[in-house]
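**Q**
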Amino acid sequence: MKIKIQDMTLIALFTVLTIVSGKIAVPILTIPFTLQLAVSLLAGILLGAGRAMLSQGLYILIGLLGLPVFAAGGGPAYVLQPTFGYLPGMMLAAGLVGWLADRSLRRHAELKFSRLMPVSLAGVAVTYLCGVGYLYLIKNFYAGTPVTLFKAIQAGMLPFLIVDMLKAGLAAWVGPRLRRLAGNAKPAQ
């Protein structure tokens, strides 16, 4: 993958947007929600698979190098946090959404909400698969606080699912509009 200046700028922009969106939490029924997942899905829609994954991977790298960009700080030990799995999940989700959005754009004249909503929901599913799976593994094999898979789903998915589906809808609605505004109605290179 050849990276141009414009690509570097877009990757950096979405890295910063991911950092900022993760730091602004809105409490809904005592659970803090951020727009971080929506930004990673939007990165996929706007940047395509490769650049979107690079933006999210750069975010993870910055945090693991020690900058406090994650919800609970940063540093290499962050991989031992029960919620760390959601971060690579968002990176994979951005890649999947980017790939599926570009595939849809190759088949149809334009991206539409009706096509991007299932794509964005697939991204949410990938994020949960990685996040809940990691939560289950870290609790059972590292933290010494065994949980059943159902308990991991109950703690790591169910309280967030409705709001995350709304975030997927937001990304699916905003993505095509931003893509048209940017004059980028073709599949990402």
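Heads up: the sequence shown is residues 48 to 236, going by the working numbering.
Idealized CB from N, CA, C, for every residue including glycine.
Closest to Leu208 by CA distance: which of Leu225, Leu184, Leu147 and Ala169 is it?
**A** For Leu208, the nearest C-alpha among the options comes from Ala169.
**Q** Suppose the cutoff is 7 angstroms on Cβ atoms and the five residues either side in sequence are ignored; what does the same chain contact list for Gly110 look like?
**A** Answer for Gly110: Val116, Phe117, Gly121 and Tyr125, listed in chain order.
**Q** Could you pull the start and end residues of the beta strand (DSSP E) that Ile78 belongs to?
**A** Ile78 to Phe80
**Q** Please identify the residue among Pro206, Gly97, Phe197 and Pro79 whose C-alpha is closest to the C-alpha of Asp54.
**A** Gly97
**Q** Given Tyr181, which residues of its chain have a CB within under 7 angstroms of its CB, disregarding the five upstream and five downstream residues?
**A** Phe131 and Gly132
**Q** Can you list the beta strand (DSSP E) stretches of 3 or more residues lying completely in the region 49–114, in chain order?
**A** 73–75 and 78–80
**Q** Roughly how many angstroms separate the alpha carbons of Leu114 and Ser161, rounded to a whole number?
**A** Roughly 38 angstroms between the two C-alpha positions.
**Q** How about Gly222 and Leu93: do their beta carbons lie closer than 8 angstroms?
**A** yes
**Q** Are the region 134–149 and the region 185–199 in contact at 8 angstroms, needing three or more beta carbon pairs?
**A** no
**Q** Quick one: is Ile78 buried, meaning 16 or more other Cβ sit within 10 Å of its Cβ, or exposed?
**A** exposed
**Q** Hey, quick one: how far does the alpha helix (DSSP H) through Lys198 stretch, first residue to last?
**A** Note, Lys198: alpha helix (DSSP H), Leu196 to Gly203.
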